[in-house]
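*Asks:* Could you have a look at this structure, given as structure tokens, before my questions?
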Amino acid sequence: MSKDKVKNPVILQVLPELNQGGVELGTIQVAENLKEHGIKNYVASQGGRMEYQLDRLKVKHFKLPLKSKNPITILKNANKLAEIIKKEGINVVHARSRAPAWSAYLAAKKAKVHFVTTFHGTYGLGPCGIKKVYNKVMTFGEKVIVISSHIKRHVMEHYGIAEEKTAFIHRCVDVEKFNPASVTPERLKTMIEQYDLPTDKKIILLIGRLTRWKGQELLIDALQKIKKRDDFHCIFTGDDQGRTDYTAGLIQKIKDYNMNGRFTFIKHTDDVPALMKACDIVVSASIEPEAFGRIAAEGEAMGKIVIASNIGGSLDNLKNNITGFHFESGNALDLSKKIAKALDLDDKTRAEIASSAQKYIKENFTKQIMCDKTLEVYQNVVNNN
Numbered sequence: 004m005s006k007d008k009v010k011n012p013v014i015l016q017v018l019p020e021l022n023q024g025g026v027e028l029g030t031i032q033v034a035e036n037l038k039e040h041g042i043k044n045y046v047a048s049q050g051g052r053m054e055y056q057l058d059r060l061k062v063k064h065f066k067l068p069l070k071s072k073n074p075i076t077i078l079k080n081a082n083k084l085a086e087i088i089k090k091e092g093i094n095v096v097h098a099r100s101r102a103p104a105w106s107a108y109l110a111a112k113k114a115k116v117h118f119v120t121t122f123h124g125t126y127g128l129g130p131c132g133i134k135k136v137y138n139k140v141m142t143f144g145e146k147v148i149v150i151s152s153h154i155k156r157h158v159m160e161h162y163g164i165a166e167e168k169t170a171f172i173h174r175c176v177d178v179e180k181f182n183p184a185s186v187t188p189e190r191l192k193t194m195i196e197q198y199d200l201p202t203d204k205k206i207i208l209l210i211g212r213l214t215r216w217k218g219q220e221l222l223i224d225a226l227q228k229i230k231k232r233d234d235f236h237c238i239f240t241g242d243d244q245g246r247t248d249y250t251a252g253l254i255q256k257i258k259d260y261n262m263n264g265r266f267t268f269i270k271h272t273d274d275v276p277a278l279m280k281a282c283d284i285v286v287s288a289s290i291e292p293e294a295f296g297r298i299a300a301e302g303e304a305m306g307k308i309v310i311a312s313n314i315g316g317s318l319d320n321l322k323n324n325i326t327g328f329h330f331e332s333g334n335a336l337d338l339s340k341k342i343a344k345a346l347d348l349d350d351k352t353r354a355e356i357a358s359s360a361q362k363y364i365k366e367n368f369t370k371q372i373m374c375d376k377t378l379e380v381y382q383n384v385v386n387n388n
């Protein structure tokens, strides 16, 4: 195709809402990158506390009830999106979640423009695979972006998608934000004082909402098996989102193991890099596969010793015994052994692992890499490459 015939993409990203989360963050990052390249782009969602970031970028946001699963609302959203597509000259619609994807797909079809999707997770299939019909809209894209090897296998095995239809684009780490050098002594001091964190013990951190599959209970079981209990303090960071029985169960288990005073619960922090810098070991103990495993990757970027389950996205973003340690998923004994190993590392080995981890993340999982590959997908579908 000659250069003068190359079409420029005009993008509409569609997602349920703009509250904190990996999908929302990725949307903002892509919108910013497109803006920097002078490419017109828009976002449609139900809105949320991250809207201000689009305002800052001067990227127009269309507020629609896109989180709704109501069929009538989905059809109304589709009609409104089709109007927006025609009015703004949009030629690529990028859907990032199921409910809005149905509206986006119908709108793109009506407006006769290109449609792209991102599979951000392994959506539940339901009894006898009944939910596959609902989920399948995420495979309707001309290109289906998959964010890890785990997700790619899931899409191909359960939905019969040909490999050439997929585009492999890992989620990213903001290596400028998650950089130990960027955390000032003042921020670190504030973090330590705010939560009264001990400075004479190795601190183990698990970030994730308080729910069983994130592995908090497993980590407590593993820590109970560590002989030198005075050597560590553990932090759980995440909200239970109303699962108060689970939180109460964790507190009771800690009490039953006679480990009172060894744990700190933090519902939310706006300064994750400072919290990570205050810690020594970052654990991703999920007992179900993480789609990407962002916390593990961010911990590596911060130069921390990361211990992660040997399932899901962590198989991509952590190299066992080189950039961190894998443990057998769901196995408290194996997790305890890896934690004990991390606690006993000498300074030289710890520094070597940290250096390897930071190098690996910078070479494979940066925001620029993710955004460049996403832009390439947009350009290819517009120009039918």
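For the sequence shown, my numbering gives the first residue as 4, with consecutive numbering after it.
Cβ atoms here follow ideal geometry from the backbone N, Cα and C, with glycine treated the same way.
Only a predicted model underlies this, so the values are computations on that prediction, with no experimental measurement involved.
What does the alpha-carbon distance come out to for the pair S151 and R99?
*Replies:* 15 Å
*Asks:* Examine chain D for any beta-carbon lying closer than 8 Å to the beta-carbon of K113, and answer yes or no.
*Replies:* Here chain D cannot be found, since the structure has a single protein chain.
*Asks:* DSSP state of N138, grouped into three classes?
*Replies:* Helix at N138.
*Asks:* Looking at the strands, I want to know which residues DSSP matches up with Y45.
*Replies:* The beta-bridge partner set that DSSP reports for Y45 consists of L15.
*Asks:* Does K270 pass the burial test, meaning 16 or more other C-beta atoms within 10 Å, or should it be called exposed?
*Replies:* exposed
*Asks:* D375 by DSSP, collapsed to three states: which one?
*Replies:* helix
*Asks:* Just the Cα atoms here: how many angstroms apart are G306 and A34?
*Replies:* 28 Å
*Asks:* Could you tell me the boundaries of the alpha helix (DSSP H) in which T250 lies?
*Replies:* 247–259
*Asks:* In angstroms, rounded to a whole number, what distance separates the CA positions of N44 and Q16?
*Replies:* Taking the straight line joining both Cα atoms gives about 8 Å.
*Asks:* So A277 and R190 are in contact, right, with Cβ under 8 Å, and what is the actual spacing, rounded?
*Replies:* 4 Å
*Asks:* If we ignore side chains and look at the alpha-carbon of each, how far apart do K70 and H153 end up?
*Replies:* 26 Å
*Asks:* Alpha helix (DSSP H) containing H40: first to last residue?
*Replies:* It is not in any alpha helix (DSSP H) - H40 carries neither H nor E in the DSSP assignment.
*Asks:* Within 10 Å of its beta-carbon, does Q371 have 16 or more other beta-carbons around it, so buried, or fewer, so exposed?
*Replies:* exposed
*Asks:* How far does the beta strand (DSSP E) with K146 in it reach, from first residue to last?
*Replies:* Per DSSP, K146 belongs to the beta strand (DSSP E) from 146–149.
*Asks:* Quick one, which of T121, E220, Q32 has its alpha-carbon nearest F171's?
*Replies:* T121
*Asks:* Does the distance from the CB of I310 to the CB of G327 come in under 8 Å?
*Replies:* Between I310 and G327, the C-beta spacing is below 8 Å.
*Asks:* G42 and I14: beta carbons closer than 8 Å?
*Replies:* First, the amino acid is wrong: residue 42 is Ile here, not Gly. Yes, the Cβ-Cβ distance between I42 and I14 is below 8 Å.
*Asks:* Tell me whether the segment 126–141 and the segment 89–96 touch, counting them as touching only if at least three CB pairs, one residue from each stretch, are closer than 8 Å.
*Replies:* no
*Asks:* Round the Cβ separation of A102 and P19 to the nearest angstrom and send it over; I've been treating them as touching at under 8 Å.
*Replies:* 6 Å
*Asks:* Any contact of the segment 344–351 with the segment 49–66, i.e. 3+ C-beta pairs under 8 Å?
*Replies:* The way I'd put it, the segment 344–351 doesn't touch the segment 49–66; fewer than three beta-carbon pairs between them come closer than 8 Å.
*Asks:* Output yes or no for whether 8 Å exceeds the beta carbon distance between A335 and D224.
*Replies:* yes
*Asks:* Comparing alpha-carbon positions, which option in Q255, K217, K228 lies nearest T240?
*Replies:* With distances taken between Cα atoms, T240 lies closest to K217.
*Asks:* So what's N82 in DSSP terms, helix, strand or just coil?
*Replies:* helix
*Asks:* Is the number of C-beta pairs between the segment 314–322 and the segment 139–151 that are closer than 8 Å three or more?
*Replies:* Flag = yes, the segment 314–322 and the segment 139–151 touch.
*Asks:* Which value, in whole angstroms, describes the spacing of the CA atoms of E54 and K72?
*Replies:* Distance from the CA atom of E54 to the CA atom of K72, rounded to whole angstroms, is 22 Å.
*Asks:* Report, in whole angstroms, the separation of the C-beta atoms of L378 and N36, which I expect to be a contact under 8 Å.
*Replies:* 7 Å
*Asks:* Would you report the Cα separation of I195 and R297, rounded to the nearest angstrom?
*Replies:* 23 Å
*Asks:* So, with DSSP's three-state summary, where would you put T202?
*Replies:* coil
*Asks:* Do K112 and K146 have their CB atoms nearer than 8 Å?
*Replies:* no
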